[in-house]
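I have placed the structure first, in the form of structure tokens, so that the comments after it can refer back to it.
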Amino acid sequence: MSGHSKWSTIKRAKGAADAKRGQLFTKLAREISVAARQGLPDPEYNVRLRLAIDRARASSMPKDNIERAVARAAGESGAVNYDEIWYEGYGPGGTALMIQAMTDNRNRTVGEVRAALTRAGGTLGESGSVGWMFDQVGLIELDATEADPDEIALRAIDAGAADVQGEDGTVEVYTETQDLHSVQEALKEAGFIISAAELTMKPKTMLAPEPDVAVKVIRLVEKLEDLDDVQGVYTNLEVTDEVLAQVG
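For what it's worth, full-length UniProt numbering labels the leading residue of the sequence shown as 1, then goes sequentially.
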């Protein structure tokens, strides 16, 4: 299983707990509002908004909640405006971290992010300190338990995918950001089961520290993602089977 698939395994387990707390819907609503404000409030012409709405629907977010999130971006009276901010830093073992936040109070958010990093033995870096280690790409995850991974790869490459990786019943298709929707639609039309589609930050190289250090990084990522203002955390940590077993 590739590194991203292992992260997905960890995050799916955590996502169930987030939903119980209601935190997941709050974060999904923020993503929808920010995406709608940055482009047209119509998912047909706004790829980021379409992805946000698709993710919300996949998470069983009520239709009314989705519509309210879009309305807030359109200037609904009394709506809170959220700014998207990226923080960069280092975790245990020198692992690189890209932290995506959406906030109405930058001072509060940077304080909480810095505190979480410091407690875990990490540091908050300057803008650009680790960003060069990542590329923003499109990612499509497919269920290959009942499909031929090689056939998925061929269809994906024909549709314009940049890279395909897969193992243990999961195939990850990477695209340029502008090609994500067209590749996703081509795979859907071919009858393949798409588990998720998103814009993500892909590390150029992975780092594999000792298992005990890797577990500390995973716990730090979980702490950061538990912060109300943090939408997502991306890292160059290589999650091995041994590490996955320890945190499972």
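We put the CB at the ideal spot given by N, CA and C, even for glycine. Keep in mind that this is a model prediction, so the values were computed, not measured.
For residue i: DSSP bridge partner residues
{"i": "D83", "result": "T103"}
{"i": "V217", "result": "Paired residues: none, contrary to the question."}
{"i": "F134", "result": "P203"}
{"i": "M98", "result": "E88 and Y234"}
Contacts around residue i, its chain only, beta-carbon distance under 7 Å, and the 5 residues preceding and following it disregarded
{"i": "S2", "result": "At S2 the pLDDT is 44, less than 50, meaning the model places this residue with poor confidence and gives no usable figure here."}
{"i": "A144", "result": "I152, G166, G169, T170 and V171"}
{"i": "D104", "result": "V80, N81 and Y82"}
{"i": "L51", "result": "A197, E198 and L199"}
{"i": "Q246", "result": "P211 and V215"}
{"i": "D241", "result": "none"}
{"i": "A161", "result": "V173, Y174, T175 and V183"}
{"i": "A39", "result": "In the sequence on display, residue 39 carries Gly and not Ala. Counting only Cβ-Cβ distances below 7 Å, and skipping sequence neighbours, we find N46, R48 and L49."}
{"i": "S127", "result": "E88"}
Residues near residue i in its chain [Cβ-Cβ closer than 6 Å; skip 5 each side]
{"i": "A159", "result": "V183 and A186"}
{"i": "A56", "result": "L28 and I66"}
{"i": "A101", "result": "I85, T109, D229 and V230"}
{"i": "residue 255", "result": "The chain is shown only over 1 to 248; residue 255 falls outside these bounds and no answer can be derived."}
{"i": "G131", "result": "E88"}
{"i": "E225", "result": "V233"}
{"i": "L227", "result": "E112"}
{"i": "P209", "result": "G93"}
{"i": "S129", "result": "E88"}
Proximity below 8 Å, CB of residue i to CB of residue j
{"i": "T95", "j": "N236", "result": "yes"}
{"i": "P41", "j": "A74", "result": "yes"}
{"i": "S59", "j": "L97", "result": "no"}
{"i": "T200", "j": "L139", "result": "yes"}
{"i": "A120", "j": "G91", "result": "yes"}
Environment of residue i [buried if 16+ CB atoms lie within 10 Å]
{"i": "G191", "result": "exposed"}
{"i": "Y45", "result": "exposed"}
{"i": "K63", "result": "exposed"}
{"i": "A36", "result": "buried"}
{"i": "T118", "result": "exposed"}
{"i": "R155", "result": "buried"}
{"i": "R30", "result": "buried"}
{"i": "R106", "result": "exposed"}
Test: residue i CB closer than 8 Å to a CB of chain C
{"i": "A29", "result": "Of the protein chains in the structure, only one exists, and it is not chain C."}
Proximal residues to residue i (C-beta, below 8 Å), its chain only, five neighbours per side dropped
{"i": "M149", "result": "What sits at residue 149 in the sequence shown is Pro, not Met. Counting only Cβ-Cβ distances below 8 Å, and skipping sequence neighbours, we find G166 and V171."}
{"i": "F134", "result": "A96, M98, M201, K202, P203, K204, Y234 and N236"}
{"i": "D54", "result": "A197"}
{"i": "D163", "result": "V173 and Y174"}
Could I get the ranges of all uninterrupted alpha helix (DSSP H) runs contained in the segment 112–200, with 4 residues as the minimum, in chain order? DSSP assignment within the segment 112–200 yields the following whole alpha helix (DSSP H) runs of 4 residues or more, N-terminal first: 149–159 and 180–189.
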